[in-house]
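S.K.: Chains as they are written, first to last, in the working numbering: chain A, -4 to 308; chain B, 25 to 122.
A virtual CB, placed ideally from N, CA and C, is assigned to each residue, including glycine.
Before anything else, here's the structure in question.
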Amino acid sequence: MEDPKRLAEFEARIARGETIEPKDWMPEKYRRQLVRMMSQHAHSELVGMLPEANWITRAPSLRRKMSLMAKVQDEAGHGLYIYCGTETLGVDRHDLTNQLLAGTAKYSSIFNYPTLTWADIGAVGWLVDGAAIVNQTMLAKASYGPYARAMVRICKEENFHKRQGFEIMSILSAGTPEQHAMAQDALDRWWWPSLMMFGPHDKDSPNSDELLRWGIKKKSNDELRQRFVNLTVGQAKAINLTIPDAGMKFNEATKNWEFSDINWDDFWRVVKGDGPCNRERLAARRSAHANGEWVRAAAEAHAQKHARKESAA
Amino acid sequence: MSSGTDNQGPLWEVFLQPPNGGAHEHAGSVHAPDAEMALQNARDVYARRSEAVSVWVVPSGAITASTPEDMGPFFEPGNDKPYRHPQFYKVPQGVRFS
């Protein structure tokens, strides 16, 4: 058990809105919750490169290809920002990498769905990055300094991701009937998984209370999900696409767009490893890591050779 | 499969100087086997959008930092000297200073 006096001091600091820094005292569970959440977030950035990298060679124009490459490169950078944040908590990145490769680490389930057509790249940027922005804007105020600062950096960069995706959807939707149908089909498939990105309902979310109490999260899963829905309804309307939820209606009193029940069976199936692409993503990640081995070995040999030369001189 | 060897290289802290003439500021960290590659990694990870005109990389272990436990006594010499701030001094009303 934690020393109640130190715990009370810690909680008072959180209540005053102070930032917790790496060398500050923190309850062991706070540290564990952060490592869990930040490493899952970092893994998600890395795995998130895979469904999009899949379309780099088939992007319909040079402009689209450049954007997509820059976006995928950003995702790698975002993963590294957050891994570097976990290292301030005494975790070795090497161990996290091995957990991901061994298949024992969790990452966002959204990346276990396939990107079947070019419109999916639009839908991913618009909806998946859009949902991530809602979540990360909240996390930029998290109580742990290194995590919050990584989020500030990420939020600055993510807006480009969302806008390039929305532009793809908007142009497809206004194109030929086939192109419009392709955009609608992508929205149909990505809508519900995007809503699930915010996690289980508050009442079914075992970590939420603690995360909120310690300021790691500032808003609940359901609040964030509602914010995302409210933002997205108008965007879909503007580009003449229909959100695949016939039961959706505007509540005048709350000013919220109310939506139908989410199919949580599907969510848990994908979380537990049985989504359409879980195995494929892990295989791709492992192969990328194995193919990079010679680069890491060569870099290490180069550094050692130069260190020897310097000490001999 | 999972790589048993740890060849990610040691950790380096990254400091960027923004183009507007500000001082170098801590941005995060990178792994790299030597200083030259640490600089290149720092550029790719933290300066993809003209954020910097200069980058420093420092081996993380080379940084000596004050500890939170000492924070009170360590900064105490500066905390009880309000006369070091301009607000400590009274100026007749109506005199324009800045």
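Is the beta carbon of residue 92 (chain B) closer than 8 Å to that of residue 19 (chain A)?
M.R.: By one-based count along the first sequence, residue 19 (chain A) stands at place 24. By one-based count along the second sequence, residue 92 (chain B) stands at place 68. Taking 8 Å as the Cβ cut-off, residue 19 (chain A) and residue 92 (chain B) qualify as a contacting pair.
S.K.: Could you work out which residue in A:127, A:215, A:-4 and A:31 is closest to residue 151 (chain A) when comparing CA atoms only?
M.R.: By 1-based counting over the first sequence, the position of residue 151 (chain A) is 156. It is A:127.
S.K.: Can you look up residue 52 (chain B) in the DSSP assignment and give me helix, strand or coil?
M.R.: Taking the first residue of the second sequence as position 1, residue 52 (chain B) is located at position 28. Three-state DSSP puts residue 52 (chain B) in a strand.
S.K.: Please decide whether residue 31 (chain B) counts as near chain A, where near means a Cβ-Cβ distance under 8 Å.
M.R.: For the purposes of this step, residue 31 (chain B) is taken as residue 7 along the second sequence, with counting starting at 1. Yes, because at least one Cβ of chain A sits closer than 8 Å to the Cβ of residue 31 (chain B).
S.K.: Taking Cβ positions, are residue 72 (chain A) and residue 69 (chain B) nearer each other than 8 Å?
M.R.: The residue you call residue 72 (chain A) lines up with position 77 of the first sequence. The residue you call residue 69 (chain B) lines up with position 45 of the second sequence. Against a cut-off of 8 Å, the Cβ pair of residue 69 (chain B) and residue 72 (chain A) comes out as a contact.
S.K.: Hey, does residue 19 (chain A) have any beta-carbon neighbour from chain B nearer than 8 Å?
M.R.: The residue given as residue 19 (chain A) occupies position 24 in the first sequence. Chain B, which has a Cβ nearer than 8 Å to the Cβ of residue 19 (chain A), makes this yes.
S.K.: So what's residue 30 (chain A) in DSSP terms, helix, strand or just coil?
M.R.: As a position in the first sequence, residue 30 (chain A) is number 35, starting the count at 1. Three-state result, residue 30 (chain A): helix.
S.K.: Rounded to the nearest angstrom, what separates residue 120 (chain A) and residue 163 (chain A) at their Cα positions?
M.R.: What you label residue 120 (chain A) is simply residue 125 of the first sequence in a count that begins at 1. What you label residue 163 (chain A) is simply residue 168 of the first sequence in a count that begins at 1. Their backbone Cα atoms lie some 9 Å apart in a straight line.
S.K.: Rounded to a whole number of angstroms, what is the C-alpha to C-alpha distance between residue 239 (chain A) and residue 115 (chain A)?
M.R.: Here residue 239 (chain A) corresponds to residue number 244 of the first sequence, with the count starting at 1. Here residue 115 (chain A) corresponds to residue number 120 of the first sequence, with the count starting at 1. Cα to Cα, residue 239 (chain A) sits roughly 15 Å from residue 115 (chain A).
S.K.: Tell me which residues share the same chain as residue 273 (chain A) and place their Cβ nearer than 8 Å to its Cβ, disregarding the 5 neighbours each side in the sequence.
M.R.: Position 278 of the first sequence, counted from the start, is the residue given in the question as residue 273 (chain A). Here the set comprises 107 and 265.
S.K.: Can you pull the chain A neighbours of residue 91 (chain B), defined as C-beta to C-beta under 9 Å?
M.R.: Here residue 91 (chain B) is taken as the residue at index 67 of the second sequence, counted from 1. Within chain A, the residues near residue 91 (chain B) are 18.
S.K.: As an exercise, report each continuous alpha helix (DSSP H) stretch of at least 4 residues that is fully enclosed by the region 166 to 228 of chain A, in chain order.
M.R.: You should have 172 to 191 and 203 to 208.
S.K.: For residue 44 (chain A), count the other beta carbons within 10 Å of its own beta carbon; 16 or more makes it buried, fewer makes it exposed. Which is it?
M.R.: The count along the first sequence starts at 1 and reaches residue 44 (chain A) at position 49. Classification of residue 44 (chain A): buried, given that the 10 Å Cβ count is 16 or more.
S.K.: Identify every run of the alpha helix (DSSP H) within the region 52 to 93 of chain A, keeping only runs that are complete inside it and at least 4 residues long; order them along the chain.
M.R.: Counting whole runs of 4 or more residues, the region 52 to 93 of chain A contains the alpha helix (DSSP H) stretches 57 to 82.
S.K.: What residue does the alpha helix (DSSP H) around residue 310 (chain A) start on, and which one ends it?
M.R.: This structure leaves residue 310 (chain A) out entirely; chain A is present only between -4 and 308.
S.K.: By DSSP, does residue 149 (chain A) sit in helix, in strand, or in coil?
M.R.: One-based indexing of the first sequence puts residue 149 (chain A) at position 154. Looking at residue 149 (chain A) - three-state DSSP - the assignment turns out to be helix.
S.K.: Which residues of the region 61 to 81 of chain B have a Cβ closer than 7 Å to any Cβ of chain A? Give them in chain order.
M.R.: Going along the region 61 to 81 of chain B in chain order, one finds 61, 69 and 72 with a Cβ nearer than 7 Å to chain A.
S.K.: Going by the CB atoms, is the gap between residue 35 (chain A) and residue 205 (chain A) shorter than 8 Å?
M.R.: Walking along the first sequence from the start, residue 205 (chain A) turns up at place 210. Walking along the first sequence from the start, residue 35 (chain A) turns up at place 40. No, Cβ-Cβ distance for residue 205 (chain A) and residue 35 (chain A) is not below 8 Å.
S.K.: Contact between the region 39 to 59 of chain A and the region 4 to 13 of chain A: three or more CB pairs below 8 Å?
M.R.: At 8 Å Cβ cutoff, the stretches do not touch.
S.K.: Taking 8 Å as the CB-CB limit, is residue 35 (chain B) close to chain A?
M.R.: Walking along the second sequence from the start, residue 35 (chain B) turns up at place 11. Chain A, which has a Cβ nearer than 8 Å to the Cβ of residue 35 (chain B), makes this yes.
S.K.: Tell me where the alpha helix (DSSP H) around residue 0 (chain A) begins and ends.
M.R.: In the first sequence, the residue the question calls residue 0 (chain A) occupies position 5. It spans -1 to 10 - the alpha helix (DSSP H) in which residue 0 (chain A) sits, taken as one unbroken run.
S.K.: Roughly how many angstroms separate the alpha carbons of residue 26 (chain B) and residue 32 (chain A), rounded to a whole number?
M.R.: Counted from its first residue, the second sequence places residue 26 (chain B) at position 2. Counted from its first residue, the first sequence places residue 32 (chain A) at position 37. With a pLDDT of 40 at residue 26 (chain B), under the threshold of 50, the modelled position of that residue is not reliable, and no figure is offered here.
S.K.: Confirm, please, whether the CB-CB distance from residue 55 (chain B) to residue 34 (chain B) is below 8 Å.
M.R.: Taking the first residue of the second sequence as 1, we reach residue 34 (chain B) at position 10. Taking the first residue of the second sequence as 1, we reach residue 55 (chain B) at position 31. Contact flag set, yes.
S.K.: With a threshold of 16 other CB atoms inside 10 Å of the CB of residue 50 (chain B), please say whether the residue is buried or exposed.
M.R.: The sequence position of residue 50 (chain B) within the second sequence is 26, counting from 1. With fewer than 16 Cβ atoms within 10 Å of its Cβ, residue 50 (chain B) is classed as exposed.
S.K.: Straight-line CA distance for residue 285 (chain A) to residue 24 (chain A)?
M.R.: Counting from 1 along the first sequence, the entry for residue 285 (chain A) is found at position 290. Counting from 1 along the first sequence, the entry for residue 24 (chain A) is found at position 29. If I take the Cα positions, the gap works out to 34 Å.
S.K.: In chain B, which residues lie less than 7 Å from residue 76 (chain A) when you measure between Cβ atoms?
M.R.: Translated into the one-based positions of the first sequence, residue 76 (chain A) becomes position 81. Near residue 76 (chain A) (Cβ distances below 7 Å), the residues of chain B are 52.
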